[in-house]
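Every number in the numbering used here is 460 more than the matching position in the sequence shown, counting from 1. Since the structure comes first, as structure tokens, the remarks are kept for the end.
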Amino acid sequence: MMYEKAVNRCVVAKGDTMENMKLNRAAVGQVVTYCAIIAAQNLFDLDRDGVERWQAELIRRSEVYTLETNVYGTPKARENLRKRTAPKMKEDFTLPVEKWPRKEWERVQLYERRSAGDLVARFFVEVMDGLGYTTEEIAAALKEIQGNFRQFLEWSKDGEYVAYYKMAQCYEQATGIEAAIDEEPGTKPIFGKEI
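Written out as structure tokens, the structure reads:
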């Protein structure tokens with residue numbers, strides 16, 4: 461199925477490697493990041509400077525997490541991130557899924573995707589909290605991110621790069637910032653300019 465390729469573009473079915481899983485997490489994280497920026501612009505009508513400020517904050521939050529991962533290890537860094545964001549989230553963020561997994565390796569892939577999506581969503585919650593948004597506004601933004609990702613899954617039924625191009629077009633319309641698509645899958649980030 462074509463939609464599986466879009467979300468799953470870097471994963472080899474049964475011969476999954478750690479590198480492919482890392483690329484899969486990065487790809488999903490990048491798509492969810494674009495979904496988050498589009499959601500913020502749609503809900504809060506940000507101008508170009510506002511979008512760039514949100515992007516800078518997302519990058520800063522991810523750098524803090526990376527530093528904590530290097531110092532404390534991934535489990536402790538995840539726990540710290542959850543402790544910081546849990547009071548601001550009405551419910552946990554779960555990426556939508558088009559088709560439920562039936563095989564073990566499909567379940568592992570779904571876990572990796574959802575883990576990457578949850579990570580980006582929690583960075584987004586930290587940014588919103590830092591900018592003074594309420595818990596209700598945060599919940600609405602997380603629902604919007606899920607809706608944007610569902611739309612991405614729908615687009616991916618028409619083909620892998622159709623979904624990426626449509627996501628880039630939405631991002632450009634929402635923000636006024638160009639998002640180029642990488643032409644060589646698996647060798648670079650999907651979007652030429654990574655957030």
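Each residue gets a CB set at the ideal place from its N, CA and C atoms; glycine is no exception. Predicted, not measured: the structure shown is a model, and the values here were computed from it.
Test item: CB-CB of residue i and residue j under 9 angstroms
i           : j           : result
residue 518 : residue 597 : no
residue 553 : residue 582 : yes
residue 545 : residue 585 : yes
residue 631 : residue 623 : no
residue 568 : residue 481 : yes
Whole-number beta carbon distance between residue j and residue i, since they are thought to touch under 8 angstroms
i           : j           : result
residue 570 : residue 561 : 5 angstroms
residue 594 : residue 550 : Wrong, their Cβ atoms sit about 11 angstroms apart, outside the cutoff.
residue 488 : residue 573 : 5 angstroms
residue 529 : residue 516 : Their Cβ separation, rounded to whole angstroms, is 20 angstroms, which puts residue 529 and residue 516 out of contact at 8 angstroms.
When the options are compared against residue i, the one with the closest alpha-carbon
i           : options               : result
residue 610 : 558, 530 and 533      : 558
residue 500 : 547, 567, 587 and 563 : 587
residue 490 : 585, 630 and 577      : 577
residue 548 : 510, 600, 507 and 626 : 600
residue 590 : 514, 537, 506 and 614 : 514
residue 486 : 564, 575 and 566      : 575
residue 612 : 535, 565, 483 and 492 : 492
residue 484 : 533, 615, 619 and 566 : 566
residue 625 : 614, 509 and 641      : 641
Assigned secondary structure, residue i (DSSP; H/G/I helix, E/B strand, else coil)
i           : result
residue 497 : helix
residue 637 : coil
residue 559 : coil
residue 593 : coil
residue 506 : coil
residue 618 : coil
residue 554 : coil
residue 607 : helix
residue 588 : helix
residue 489 : helix
residue 549 : coil
residue 577 : helix
### Message
Closer than 8 angstroms is the cut-off here; do at least three beta carbon pairs connect the region 604-624 with the region 483-499?
### Response
Yes: the two stretches touch, three or more of their Cβ pairs being nearer than 8 angstroms.
### Message
Does the structure place the region 623-640 close enough to the region 521-536 that three or more beta carbon pairs sit under 8 angstroms?
### Response
No, the region 521-536 does not touch the region 623-640.
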